[in-house]
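Encoded as structure tokens, the structure appears first; notes follow it.
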Amino acid sequence: MQPFRLTPACKDYLWGGTRLKTAYGKRTALPVLAESWELSAHPDGDGVIACGEFAGTPFSRFAAEHPEALGGNCAGAKEFPILIKLIDAAQFLSIQVHPDDDYARRVEGGRGKTEMWYVVNCEPDAFLYFGFEREISAEEMRRRIANHTITEALHKAPVHKGDVFFIGAGTIHAIGAGILLAEIQQNSNTTYRVYDFGRVGADGKPRELHVDKALDVTLRAPAPAGAPGAEMLAETADFRLRRLAKCDYFTVDALALSGNYRREMTGDSFVSVLCTEGGAALSCGGEEFPLRAGESLFVPADAPGFALAGNGELLLTTV
331 MQPFRLTPAC
341 KDYLWGGTRL
351 KTAYGKRTAL
361 PVLAESWELS
371 AHPDGDGVIA
381 CGEFAGTPFS
391 RFAAEHPEAL
401 GGNCAGAKEF
411 PILIKLIDAA
421 QFLSIQVHPD
431 DDYARRVEGG
441 RGKTEMWYVV
451 NCEPDAFLYF
461 GFEREISAEE
471 MRRRIANHTI
481 TEALHKAPVH
491 KGDVFFIGAG
501 TIHAIGAGIL
511 LAEIQQNSNT
521 TYRVYDFGRV
531 GADGKPRELH
541 VDKALDVTLR
551 APAPAGAPGA
561 EMLAETADFR
571 LRRLAKCDYF
581 TVDALALSGN
591 YRREMTGDSF
601 VSVLCTEGGA
611 ALSCGGEEFP
621 LRAGESLFVP
631 ADAPGFALAG
641 NGELLLTTV
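Residue numbers (this note's numbering): 331 to 649.
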């Protein structure tokens, strides 16, 4: 089976910007483009295959009908395991937290959400919130939400291009204004909004908070630094391959390409190839697929090995 592109689902959340349209060529009639769901089989934003023999097929249907394309590591899975987004924050996102698998299964009937952020670009003084500065009690957390001082208790992390943040389930967090990032996460859209800076939604009413559920799941302590499994994998004259994170749900590698790179497929997992800067051409099975910044390809697990040639930065995600 050959690689293919997906038409992403586009989201116009109120905090979004326009860079995904102006700098990355995303096509949408939405005036604001907060998120582009590059690889998604989620019912809130199912991708559609854009080329090849399965063109026009919703990705969720493809994933259900072609388990061989997902790979042996997905054997027995009831649904596609991950979701990959590009996120452009012109304003701060809400202070929020996601449940783990056990809580999500019991309370929401779905998956939990562990995620990883790779900062594609950001404004010079950009920052985000990531965990707490110190351990706090549930009572203090509830009180700070009520009196609008919760951000004073959070760890304020400066952000630079290329930074990686691993957001385990239960870690309180918020992407800051002026940040454009790639998010690799479990296939879940369950978010508990803790604090929203007093904003109102499109209906003119304050956006709903989920304080009780957030208190149930939040780890009220500083978040662990670094990402699990991070290491340098290979460095040659043509490329540098760095593992950004490896966890139970996904493995993400960053490829800095200045020539040629080849990857063999083992049948264990598909590979999502997302170009974040520059450009490259992916060759597979006699076909060539150009990639520029903001574009992605799905390489099925049963595809032959593929090669990349060019000058750019790419994220390679497997499960």
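C-beta: ideal position from N, C-alpha, C; glycine also.
Helix, strand or coil: which one does DSSP assign to residue i?
| i | result |
| --- | --- |
| residue 581 | strand |
| residue 648 | strand |
| residue 381 | coil |
| residue 527 | coil |
| residue 617 | strand |
| residue 437 | helix |
| residue 481 | helix |
| residue 670 | Residue 670 cannot be examined here, being either before or after the span of the chain that is shown, 331 to 649. |
| residue 418 | strand |
| residue 359 | coil |
| residue 592 | strand |
| residue 637 | strand |
| residue 394 | helix |
What are the boundary residues of the alpha helix (DSSP H) that includes residue i?
| i | result |
| --- | --- |
| residue 543 | 541 to 547 |
| residue 399 | 397 to 400 |
| residue 470 | 468 to 476 |
| residue 351 | 349 to 352 |
How about residue i and residue j: do their beta carbons lie closer than 8 Å?
| i | j | result |
| --- | --- | --- |
| residue 425 | residue 466 | no |
| residue 413 | residue 450 | no |
| residue 462 | residue 428 | no |
| residue 366 | residue 389 | no |
| residue 381 | residue 356 | no |
| residue 550 | residue 559 | no |
| residue 522 | residue 543 | yes |
| residue 433 | residue 440 | no |
| residue 633 | residue 607 | no |
| residue 618 | residue 605 | no |
| residue 657 | residue 645 | The chain is shown from 331 up to 649; residue 657 falls before or after that span and cannot be answered. |
How far does the beta strand (DSSP E) with residue i in it extend, from its first residue to its last?
| i | result |
| --- | --- |
| residue 600 | Element bounds for residue 600: n/a, residue is neither H nor E. |
| residue 340 | 339 to 341 |
| residue 422 | Premise fails: residue 422 is in no beta strand (DSSP E) and is neither H nor E. |
| residue 452 | 445 to 452 |
| residue 462 | 457 to 462 |
| residue 518 | Careful: residue 518 lies outside any beta strand (DSSP E) and carries neither H nor E. |
| residue 367 | 365 to 369 |
| residue 494 | 494 to 497 |
| residue 562 | 561 to 565 |
| residue 535 | Here residue 535 belongs to no beta strand (DSSP E), and DSSP marks it neither H nor E. |
| residue 575 | 569 to 576 |
| residue 489 | Neither: residue 489 is in no beta strand (DSSP E) and is coded neither H nor E. |
| residue 344 | Premise fails: residue 344 is in no beta strand (DSSP E) and is neither H nor E. |
So, is the C-beta of residue i closer than 8 Å to a C-beta in chain D?
| i | result |
| --- | --- |
| residue 336 | Absence of chain D from the displayed structure is noted, only one protein chain being present. |
**Request:** Answer yes if the region 570 to 580 comes into contact with the region 603 to 611, meaning at least three C-beta pairs across the two stretches below 8 Å, and no otherwise.
**Result:** Contact fails between the region 603 to 611 and the region 570 to 580, because fewer than three Cβ pairs, one in each stretch, are under 8 Å apart.
**Request:** Tell me, please, whether the region 331 to 350 touches the region 360 to 369 by the rule of three or more beta-carbon pairs shorter than 8 Å.
**Result:** With the cut-off at 8 Å, the region 331 to 350 and the region 360 to 369 touch.
**Asked** Below 8 Å, can you find three or more Cβ-Cβ pairs linking the region 498 to 514 to the region 440 to 460?
**Response** The region 498 to 514 is in contact with the region 440 to 460.
**Prompt:** Is it a yes or a no for the region 624 to 632 touching the region 563 to 572, going by three-plus beta-carbon pairs under 8 Å?
**Reply:** No, the region 624 to 632 is not in contact with the region 563 to 572.
**Prompt:** Would you say the region 415 to 423 touches the region 386 to 405, given that touching needs at least three Cβ pairs under 8 Å?
**Reply:** No: fewer than three Cβ pairs fall under 8 Å.
**Prompt:** Three or more beta-carbon pairs under 8 Å between the region 491 to 501 and the region 394 to 406, yes or no?
**Reply:** Contact check between the region 491 to 501 and the region 394 to 406: fewer than three CB pairs, one atom from each, fall below 8 Å, which does not count as touching.
**Prompt:** Are there three or more Cβ pairs, one per stretch, closer than 8 Å when the region 468 to 483 is compared with the region 520 to 528?
**Reply:** With contact defined as three or more Cβ pairs closer than 8 Å, the region 468 to 483 and the region 520 to 528 are in contact.
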